[in-house]
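Chains as they are written, first to last, in my numbering: chain P, 1 to 269; chain X, 1001 to 1269.
Every residue gets a Cβ at the ideal spot worked out from N, C-alpha and C, and that includes glycine.
The structure presented is a predicted model; accordingly, all values stated were derived computationally and were not measured.
Number of protein chains: 2
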Amino acid sequence: MTPPSRRERLRTATVSEIKDGARRLLVTGGLDAVSLRAIARDMGMTAPAIYRYFPSLEALIAGLAADFYDELRQTVEAARDTAGDDPLDQLLAMSRAFRRWGVGNRAEFTLIFGNPVPGLEEFTDACGDEDHPGARLGTVFVRPLATLAAHAGLRTPPREFLEEHLGDRLAPLRRSHGDLSLEVAYAFLSGWTRIYGLIAMEVFDHLRWAVTEPEALFETELAAFVAQLSPAPEQQLGAGGGQQLGAAPERSGAAGATVRVTPPRAGSH
Amino acid sequence: MTPPSRRERLRTATVSEIKDGARRLLVTGGLDAVSLRAIARDMGMTAPAIYRYFPSLEALIAGLAADFYDELRQTVEAARDTAGDDPLDQLLAMSRAFRRWGVGNRAEFTLIFGNPVPGLEEFTDACGDEDHPGARLGTVFVRPLATLAAHAGLRTPPREFLEEHLGDRLAPLRRSHGDLSLEVAYAFLSGWTRIYGLIAMEVFDHLRWAVTEPEALFETELAAFVAQLSPAPEQQLGAGGGQQLGAAPERSGAAGATVRVTPPRAGSH
DNA sequence: TCATTCGAGTGAACGGCGTTAACTTACGCA
DNA sequence: TGCGTAAGTTAACGCCGTTCACTCGAATGA
């Protein structure tokens, strides 16, 4: 409504400056280097002044974490929007964008996807809310996958297998995204944990003893996972396919409805 | 040779007491709670005394990390040794032991498999050495996998695909374990990153928003990965198999030499 | 216009931290 | 028995988060 007052403008500017300083310290020196005194020093202030803007250092860091989730989500959405209409292409582009962001923003990735940080449990625990920054990131990945399942089909373990092994234990995920089918929920989690494992190991430097270029391994796994997901058996790894997945030219032609797991249906969204 | 002198005995006892106290603090309060002053307080000492035993707090924590690697490796080896001779059974038992250890020792898992810790880079970087605690843990997993590939066969993407995607980028891993074949190296890394992703997400509490019982998801993924690895096509998920993978009774009967990736060969170890 | 309110920022202080330096104590060995 | 030295102490330095009492200046209302 009313334009922000002068006070409010100054205030938001100061908040940004504090966060920028905190992020700079985080990137250059790790989480331990983020101290109120250091931030204030860089701003030409004293540490207690920051308490006018954040109730504690932990709250400031939680604010950073939320920002990073949003930044990552926007990056992923941008990648999706430039990938055309094919949901599989979108998922590939999004996965690559995810990895690129993590590798290019190690400290930020670590903050939101690594160890639980001492004061952030509360933030992490609120992940169930629909509008939690983390949940919104998840949604961005879930949607193309659901579309893929509905249109092109998705090869997953049969429902009886999933029922027996998982039952309703994926309920939190399924309910928070509009009653996902068990197959889609499982496919999402399987893919998510695989991508997470690869990126986290690369970012946390747990891969250097084994791989010289983690990106190549990432691409290989991406291709393998897609081949495993794709319904047509002749599309499996081994038919010479794989290297064309980067460009993905005429794959959609062969993507018939071999094992259409989730029949297309209206509504339920 | 000579029995340890009284001084030496006291010294090692004190070292153990320091490490025990540090671990207790780590478990109860996280890494930030591990402070020389707190350790010394619990021991009825003063903080500078610890410098007679460790050159710095970081060195003490690095020592803890090495201990944890060894403890985990011994746990995994014990699970392998009670799993019989089938290498696939061994791998399953080892994977479950890995997860159990991580879930039961969250702080310890976090220290060695989470964020790079500010003073541990040097320890992590030395992972290339054959006798690094982390490398030795890797070896424990590589060996049954290599055996499995040699005896029962292993379904992996064809060599041309791996060559094109990975080339010699897995050289560090392959060389440090007696010239592993590209297929086995890839299968190991694929499985390792998947298991790591699942366990890390569970331990780091990044799964609670989606799954109520992460163990069920772990078992599902284990079964899926095994089905994907097993050479016989009729063994794939969907043939009603899967739930018997926990006990794995007569699987070895069907494990023919369908796509024997690495022919059995003597030597080369 | 003037008085008042209140947000922003300061300086001092408390207790905690890792680490260093100088010092004392007591054990083990020749 | 004497000596060297390992083990432990106290004091101190400079960090840290946080609290409290305080000042200052800008916005606000009569």
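For residue 204/P, a Cβ of chain X is located within less than 7 Å of the residue's own Cβ.
The stretch 130-140 of chain P makes contact with the stretch 55-75 of chain P, as at least three CB pairs between them are under 8 Å. Three or more beta-carbon pairs separated by less than 8 Å link the stretch 157-177 of chain P to the stretch 1203-1213 of chain X, which places the two stretches in contact.
Proximity of the stretch 79-90 of chain P to the stretch 43-63 of chain P falls short of the contact definition, fewer than three beta-carbon pairs being nearer than 8 Å. Interface with chain P (7 Å Cβ-Cβ cutoff): residue 1069/X is excluded. Judged by beta-carbon spacing, residue 182/P lies within the 7 Å limit of residue 162/P, meaning their Cβ atoms are closer than that value.
Sequence-distant Cβ neighbours of residue 1046/X in its own chain, meaning closer than 7 Å and more than five residues away, are 1040. For residue 1105/X, the nearest beta carbon of chain P is not closer than 7 Å to its own beta carbon.
DSSP places residue 186/P inside the alpha helix (DSSP H), whose first and last residues are 182-203. Taken atom to atom, the span from the alpha-carbon of residue 59/P to that of residue 1036/X is near 27 Å. For residue 1225/X, the CB contacts under 7 Å within the same chain, skipping 5 residues up- and downstream, are 1191, 1194 in chain order. Under the DSSP assignment, residue 1151/X falls in the alpha helix (DSSP H) whose first and last residues are 1133-1151. Taking the C-beta atoms as reference points, residue 1166/X is found nearer than 7 Å to residue 216/P. When secondary structure is reduced to three states using DSSP, residue 1016/X falls in the helix class. Counting only Cβ-Cβ distances below 7 Å, residue 1051/X has no contacts in chain P at all, with the closest Cβ about 21 Å away.
Pairing residue 1188/X with residue 1229/X gives a Cβ-Cβ distance that is not under 7 Å.
In this structure, the beta-carbon distance from residue 34/P to residue 25/P falls below 7 Å. Residue contact check for residue 172/P against chain X: a CB pair falls below 7 Å.
In the structure shown, the three-state DSSP call for residue 1226/X is helix. Here residue 1178/X is exposed: its Cβ has fewer than 16 other Cβ atoms, across all protein chains shown, within 10 Å. DSSP, read as helix, strand or coil, puts residue 165/P in helix. Apart from the 5 residues on each side of it in sequence, residue 1221/X sits with its Cβ closer than 7 Å to the Cβ of 1194, 1198 in its chain, given in chain order. Against chain X, the CB of residue 124/P has a partner CB under 7 Å away; the residue lies at that interface. Taking a contact as a CB-CB distance under 8 Å, the pair residue 1099/X and residue 1204/X does not count as one, their CB atoms being some 13 Å apart. Around the Cβ of residue 1048/X, a 10 Å sphere holds fewer than 16 other Cβ atoms; the residue is exposed. Residue 1114/X is not a Cβ neighbour of residue 105/P, given a cutoff of 7 Å. No residue range can be given for residue 1052/X, since it is assigned to no alpha helix (DSSP H) and is classified by DSSP as neither H nor E. Distance from residue 1176/X to residue 1130/X at the Cβ level is roughly 6 Å; contact confirmed, criterion being Cβ atoms closer than 8 Å.
Among the residues facing chain P, residue 1022/X is not included, as its CB has no counterpart in that chain under 7 Å away. The Cβ atoms of residue 79/P and residue 93/P sit closer than 7 Å to each other. Per DSSP, the unbroken alpha helix (DSSP H) holding residue 1087/X starts and ends at 1087-1104.
Contact between residue 1214/X and residue 1153/X is absent: CB atoms are separated by about 31 Å, not below the 8 Å threshold. With fewer than 16 other Cβ atoms from the protein chains shown falling within 10 Å of its own Cβ, residue 13/P counts as exposed.
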